[in-house]
Every structure is written in C-alpha cells, then in structure tokens.
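Q:
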Amino acid sequence: MSDAGSPIGRRVFLGLIGAGVAGVLFGAKVQDFLASIVPKNDPTGLTTLLPIGPHFRFYTVTSGFPKRAPQDYRLAVSGLVEHPFTLDYSELRALPPTMLTRDFQCVTGWRVPKVHWTGVQLSVLLDRARVKPGAKALRFTSFDGTYTESLTLDQARRSDVIVAYDLDGKPLSSHHGGPARLYVAPMYGYKSCKWLSSIEVVDDVIPGYWENLGYDVDAWVGHSNGRDDAPTS
Amino acid sequence: MKARGARIPRFDRLERTVHWCNAALFLVLLATGASLYLPQLSEIVAHRHTVKTIHVYAGLALPIPLLLGLLLPAGRQLRADIGRFNRWTADDRRWWSRRTRPYAQLGKFNPGQKVNAIFVGAAIVLMLMTGSIMRWFEPFPDSWRTGATFVHDWVFITLVVVIAGHIMFALADRDSLRSMVRGWVPESWARVERPRWWVEVVAARAGLPASADAGGDVEAGFDERRSETRVGAGEMALGDRVHGGAADDFGESEL
Chain V
0 MSDAGSPIGR
10 RVFLGLIGAG
20 VAGVLFGAKV
30 QDFLASIVPK
40 NDPTGLTTLL
50 PIGPHFRFYT
60 VTSGFPKRAP
70 QDYRLAVSGL
80 VEHPFTLDYS
90 ELRALPPTML
100 TRDFQCVTGW
110 RVPKVHWTGV
120 QLSVLLDRAR
130 VKPGAKALRF
140 TSFDGTYTES
150 LTLDQARRSD
160 VIVAYDLDGK
170 PLSSHHGGPA
180 RLYVAPMYGY
190 KSCKWLSSIE
200 VVDDVIPGYW
210 ENLGYDVDAW
220 VGHSNGRDDA
230 PTS
Chain S
0 MKARGARIPR
10 FDRLERTVHW
20 CNAALFLVLL
30 ATGASLYLPQ
40 LSEIVAHRHT
50 VKTIHVYAGL
60 ALPIPLLLGL
70 LLPAGRQLRA
80 DIGRFNRWTA
90 DDRRWWSRRT
100 RPYAQLGKFN
110 PGQKVNAIFV
120 GAAIVLMLMT
130 GSIMRWFEPF
140 PDSWRTGATF
150 VHDWVFITLV
160 VVIAGHIMFA
170 LADRDSLRSM
180 VRGWVPESWA
190 RVERPRWWVE
200 VVAARAGLPA
210 SADAGGDVEA
220 GFDERRSETR
230 VGAGEMALGD
240 RVHGGAADDF
250 GESEL
C-alpha cells in the first residue's frame, strides 16, 4: 500500500453527484414505486415525515394555520345575487351532500391519489342565492385574512366543484383548510381556497393570491402552468 | 513530557472562516428548510413566502465561501486538505473496524471526517442543483421537478443526520473542535491521534521532505512495537531531533 493512498474520495464525491442526477431524472418513478408499497393512511404519521409516499404538504401564506371551531364558522354568499345569505356549519352540512373521489394535484408537483371529499356543490349555493344577470365570476375569500381565489361562473357550476367539509370521511382539519374549504377537482390545488369564509358573485374575474404572483387563472390540471400532469377530473 | 505545551497549527484563518461561514449558512438553510418541509414547524413559523425567500438566498450564497477559498491564493492549505479527503490509505480502512482501529496510524483527518467533508461537499452541489430546478422550474419537464424535490428531501434528511453526528463527534473531541476555533492542536494530541500527520509536520519543521520514507518509518515502527503510544521508533528519533533545537511554541519560524 503506497503512502499516498487511493483516490477514493473523488470517486465517492462523483458517485454521490451521479446518484443525485439519477434521482432527478428517475426520482418521480422511484417515488411512485415507494408510494405503492407504503400504506396510504399510516396511523403513526411517520411516513408523512419521510419523502416516500404521496402525502399532502400543508401550505399557508400567512403567519399560521388559522383555527376556527365549527360552531364559530360562517360562510357568506353575497355580491350580484337576489338573496345574499350566510350559513353556519350545521346549515352547510344539512344541504344535500356530494361525494367525490379524485387525485389531488399540486402545481409544485406532488399528487395524492384517490382522496375522498364530501361537501356541497357550489351550484347548489349559487342557485339558492339566485345569481343576477350580468354576473360573470366568483371571488373567494379565506378567513386567514389574505388568501383569495377566483372562478368563472361556468367553472363554478361544474358538478365537481364543491365546498368541502369532510376529507377521507373525517371533518377537515385546520391544516387541510377546515372547517370548510373550496375543492375544485379539475384544477391545481391553489384554486381550492382553504378556510373559505365568503363567496362573492362579481361581474369579472379578479385574479387570486397566487395568480397575482404568476400562476395561471384557469388552472386546469395538465393544461396550465406549463405542466402536463394527468387530468384529475 | 517536554512537548506537552507545544502547539501545532491545524487550520489556518481562511479554513476556519470558510468552515464557520458554511456552518452559519447550513444552519439558516436547515432551519428555513425544515419549516418549509415539516407541517408541525410550518405552523409555528409560517410566513411561507418570506421563509422561502431567505432559504433561496442563503442557498445561492452557500457555495461562495468554499469557492472563494478554492480560488484565492490564500486557500493553499484548504486545497491541500481537500486533497487529503480524496486519499484513502490502508490505515483509513483499519479505522473503520473496532478491532483494527487501535492499529490505524491516521493522517490529518480520520475517515469519518473525510466522509463528512465529502458528503457535505456533494450535498452543496446537489442541493444547489435540485433547489434551482425547484425554484426556476419553467424549462424543466414535470418529472424532473418531482425528481429534484425527491432528491432535495432525501439529501436534507441525510444532512440533518450527518451534521448532528459531526457536532456530536466534535463535542466529544475537544482538542479537534478547538482547532477549528483557534487554529491549533496540542502537539500531544497530534502525536497520539494523528501520528502520520504529526510526522509530516515535524519533518516540515526540520526542513525534511514529508516523504514516503517518513511514512514507511511509521509502518516499520508499528510493525515492530505495536506500542501503546502508537508511535514507531523511527519517527520518535526524527521528533527528538526537531525538538532538540526548535521552540516548543508555535514553531511558525520553521513553517
């Protein structure tokens, strides 16, 4: 053995870089495989801390995850309508429910397959408020005080657009946007305004929080934001 | 022993500056990264947009200290030490097993320190690469973006473990830790913990080439004696010759 030793350090370094590049190229496939062997609803929650399975990443644009007890929750429907009204939590749950099972796709790349949502179709609320002629769009406001979103009336009347209050059979947690949130199944996650507190009917689309920061206003999964994901609805 | 109070310089000013700049940047990156990544933390810290901005700027700054050190003329010793990370000897292999570790005659760094340095170096490159794909994603296919997130997440978790280990081992070896603060180690530490490096330094002081001969002597001495001091007869003679005339202090005049 010569005193200088072998140049193993360089090989290890380059090997790590190579593994990282391979991870960028094929990591999506590896992740799909890991996802298939990791249980989806791990009761310990440990798998959600490791980047292995598909799981929700929780985003908030303000200084925390706003908490509101169901008994304090209110949802206002106002603007260009004949009958503006406000619902409390139990009134919302008393309306005819709609159940959807869809993949949840984030514009940053993660996707949670087959999420079960329960809620009320937005069209049910709009019919109840009776939209005035000339109305074109909706503006959604979050009780986090900052977040806003938008939909055209045509988009909002789709049967897969709901105000959701249950996720996988359980009441929505604060992290998920509870007590109630918007869920726009065919669009990227940022359209599904969390902590929904008001729906205002307006005469033109007003871009929402992320749309003002550059995201597409019409956020169809697979056909916007330069992405080609499989459609979710 | 005569040499008890003597000091040997281990890290020069530039190396220490680079190390602590890296440490500070890694701390900021791990803290902001964790609060972007862990829901439990993002609840406490929140302000996602601000945290993300800090994370991106700290990330872009991360390679700068090391690159400056590599490019500046004053980075001579840093470059030499990086060369040491590359070279792995038979003694390095002996160090890995508890059984053969007592017979390992180490150079300036133990193999754990080498692995740490190599991994952190690779992590800087990988995190910069994958982080850039995540931040400036437009030109890349979606699967690359997912893959970059995947790599970024796993390197992050490994970094947490490696850095925690690095800090733990540093706290367990105070002489080694202090050398990253004040630059020197006690000569007694070098002689016992890093005999091959000690021979190099002593040879350089004496104006002798730090050649394979000196290393050969270490091996010869090791084979003959397997002594509890872990130092062979050959370089003890060499060491004595140096100590005979040289200041026990820093010995900078010889260096």
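Sequence order for the protein chains is V and S.
Take the first sequence: its position 164, counted from the start at 1, is 163 in numbering that gives the first Met the number 0, and no numbers get skipped.
Take the second sequence: its position 243, counted from the start at 1, is 242 in numbering that gives the first Met the number 0, and no numbers get skipped.
Glycine is no exception: its CB is placed at the ideal position from the N, C-alpha and C atoms.
1. What does Gln120(V) pair with, by DSSP beta-bridge criteria?
2. Write down the C-beta distance between Leu121(V) and Val160(V) rounded to the nearest angstrom, noting that I regard them as a contact closer than 8 Å.
3. Starting from Ser172(V), trace the alpha helix (DSSP H) both ways and give me its first and last residue.
4. Could you name the residues of chain V that Ala132(S) contacts, counting a contact when the two beta carbons are closer than 7 Å?
5. Enumerate, from N- to C-terminal direction, the unbroken beta strand (DSSP E) stretches of 3 or more residues contained entirely within the stretch 162-190 of chain S.
6. Which residues, in order along the stretch 4-15 of chain V, keep a beta-carbon less than 7 Å from a beta-carbon of chain S?
7. By how many angstroms is the C-alpha of Arg86(S) removed from the C-alpha of Leu69(S)?
8. Reducing DSSP to helix, strand and coil, say where Glu81(V) ends up.
9. Using only CA atoms, which one of Arg101(V), Asp227(V) and Phe139(V) lies nearest to Trp209(V)?
10. When the Cα atoms are used, what is the spatial distance from Thr97(V) to Leu212(V)?
11. The alpha helix (DSSP H) spanning Val200(S) covers which residue range?
12. Kindly list, in the order they appear in chain S, the residues whose Cβ is closer than 7 Å to that of Arg226(V).
13. At the 7 Å Cβ level, is Gly188(V) part of the contact set with chain S, yes or no?
14. I'd like to know whether the C-beta of Ala68(V) is nearer than 7 Å to at least one C-beta of chain S.
15. Helix, strand or coil for Ile117(S)? Go by DSSP, reduced to three states.
16. Among the residues of its own chain, which have a CB less than 6 Å from the CB of Glu81(V), if the five just before and after it don't count?
17. Roughly how many angstroms separate the alpha carbons of Phe155(S) and Leu150(V), rounded to a whole number?
18. In whole angstroms, what separates the C-alpha of Thr88(S) from that of Val17(S)?
19. Taking the C-alpha atoms as reference points, what is the distance between Arg144(S) and Val160(S)?
20. To the nearest angstrom, how far is the alpha carbon of Tyr262(S) from that of Leu29(S)?
21. What residue from Ser178(S), Val150(S), Val191(S) and Ser96(S) has the CA that sits closest to Arg12(S)'s CA?
22. Quick check: the Cα distance between Ser252(S) and Leu77(S), rounded to an integer number of angstroms?
23. Using a 10 Å radius around the Cβ and a threshold of 16 neighbouring Cβ atoms, would you call Glu137(S) buried or exposed?
24. By Cβ distance, which residues of its chain are closer than 6 Å to Val184(S), with the 5 residues on each side in sequence left out?
25. Reducing DSSP to helix, strand and coil, say where Ala68(V) ends up.
A: According to the data block:
1. Ile161(V)
2. 5 Å
3. Neither: Ser172(V) is in no alpha helix (DSSP H) and is coded neither H nor E.
4. The residue you asked about is not Ala; residue 132(S) is Ile in the sequence shown. The contacting residues are Val23.
5. 183-185
6. Gly4, Ser5, Pro6, Ile7, Gly8, Arg9, Val11, Phe12 and Leu15
7. 18 Å
8. coil
9. Phe139(V)
10. 32 Å
11. Pro194 to Arg204
12. Asp141
13. no
14. no
15. helix
16. Arg129
17. 37 Å
18. 27 Å
19. 25 Å
20. The first residue shown for chain S is 0 and the last is 254, placing residue 262(S) beyond what the model contains.
21. Ser178(S)
22. Bear in mind that a pLDDT of 36 at Ser252(S), under 50, signals an unreliable position, so the model cannot answer this.
23. exposed
24. Ile7, Arg9, Asp174 and Ser178
25. coil
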